[in-house]
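Residue numbers (the working numbering), protein chains in the order written: chain A, 531 to 647; chain B, 1046 to 1130; chain C, 470 to 574. See structure below.
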Amino acid sequence: MSSILFVFSRPPHGSINAQEGLDALLMGSAFTTCSVLFVGDGLMQLVSGQSTDDLGTKNFSLSFGALKDYGVTGIACSEPDLVARGLNKDDFLIEVETLNAAGMQAFIRNHDKVLNF
Amino acid sequence: MIVHTINKVSALGLCDNLVAEDDKIILLEDGVYLGLQSLPFSVFAIRCDVDARGLRGLLAAQTEVIDYDDFVHLCTEADKVCSWF
Amino acid sequence: MTSNPETDKEGFLRNTDDWNPAIAEHLAELDGVTLSEDHWEVIHLVRDYYENYRLFPANRVLVTKIREAFGESKGNSIHLMKLFTGKPLKHIAKIAGLPKPPNCD
């Protein structure tokens, strides 16, 4: 079975992309090895302290905490994009590996399919 | 080799760190505007999208204009295709 | 219970915050289930999971969590099927006052 790398590249609440990507990742993890790479504004999905109560939508950022239960162990983010946003790993909800450009290229190479959300 | 397709200018920012040295970038739709500048990658642009926007004489020398047949051929040669949008 | 909370046409609570144990008993009754201690273990587990992760656990995840919490004899799909009849996930979610799980007709 093909391994799939999900690339999350969009911020969380402005469009449905992030929620759909997460749904697809959780679903895919039932069938095959799935990993996830956060790039660009996709890193903002991981920021802790998101509160959507007043927005009236589901705070799906909390669902990232369940990835380990779903067997998703390859979780990484772009180090250059982290630095560019003035963030560090302590700002995130979950433990994430940081990868430089070469590391990300290898991460992509080591999966059979890549899906961008 | 991985083929990266880009269909809008802003999507280059998502993938510029992810493109390896021997990968290929294919520009389509509004992504063809990226073909005006010189990029540190191997770059192809879809002919009909280039022509529709009147860009044929404006492309950087390195940007290679291709047809859909070539697009398909490049994709079949690739280990995988990543779509950036 | 003062009044029945609002539900959708399949019987799921429209507002998760309306839930309380008495309503769970009521919803279970409508599904033909009488709640025992074994049922409550599962209901509290999925409610805690939802509270933590805003996610109804997939079947395989739920089974693993039950096994971790309550032991091998309960950590299997058959235990859930016996407790909550034909479509356990749907019934559990409904009785626990949570939204209908994805891919659950």
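No residue lacks a Cβ here, since even glycine has one placed at the ideal position from N, Cα and C. Since the model is a prediction, treat every value here as computed from it, not as a measurement.
Just the chain B side, please: which residues come within less than 7 Å of residue i by C-beta, in chain order?
| i | result |
| --- | --- |
| MET634/A | ASN1062, LEU1063 |
Residue i touches chain B at which residues, Cβ-Cβ below 8 Å?
| i | result |
| --- | --- |
| SER608/A | ASN1062 |
Helix, strand or coil for residue i? Go by DSSP, reduced to three states.
| i | result |
| --- | --- |
| LYS1069/B | strand |
| TRP1129/B | strand |
| GLY604/A | strand |
| SER533/A | coil |
| HIS1049/B | strand |
| GLU1122/B | helix |
| GLU1109/B | strand |
| ASN646/A | strand |
| GLU627/A | strand |
| THR485/C | helix |
List, in order along the chain, the chain A residues whose C-beta lies closer than 9 Å to that of residue i?
| i | result |
| --- | --- |
| LEU1072/B | Result: empty, since nearest Cβ-Cβ is about 16 Å, beyond 9 Å. |
Find the residues of chain A that neighbour residue i, judging by a C-beta separation of less than 7 Å, and give them in chain order.
| i | result |
| --- | --- |
| GLY1076/B | None at all; the shortest Cβ gap to chain A is about 14 Å. |
| LEU524/C | SER593, ALA596 |
| PRO490/C | Simply none; closest approach about 24 Å. |
By a C-beta neighbour count over all protein chains shown, 10 Å radius and 16 as the cutoff for buried, is residue i buried or exposed?
| i | result |
| --- | --- |
| ASP1068/B | buried |
| TRP1129/B | buried |
| GLY1102/B | exposed |
| PRO1085/B | exposed |
| SER539/A | buried |
| LEU579/A | Reading off the sequence shown, one finds Gly at residue 579/A, where the question assumed Leu. Exposed: under 16 other Cβ atoms inside 10 Å. |
| ALA1106/B | exposed |
| HIS1049/B | buried |
| LYS478/C | exposed |
| ILE534/A | buried |
| THR1108/B | buried |
| ASN640/A | exposed |
| GLN575/A | buried |
If I measure Cβ to Cβ from residue i and keep anything under 6 Å in the same chain, skipping five residues before and after, which residues do I get?
| i | result |
| --- | --- |
| ALA497/C | LEU504, ILE564 |
| ASP1112/B | ARG1092 |
| ASP584/A | none |
Using C-beta distances below 8 Å, list every residue in its chain close to residue i, excluding the 5 sequence neighbours before and after it, in chain order.
| i | result |
| --- | --- |
| LEU612/A | LEU573, ASN618, LYS619, THR628 |
What in chain C is Cβ-close to residue i, meaning under 7 Å?
| i | result |
| --- | --- |
| PHE590/A | ARG523 |
_Which runs of the alpha helix (DSSP H) at least 4 residues long sit entirely within the region 552 to 625 of chain A? Give them in chain order._
609 to 614
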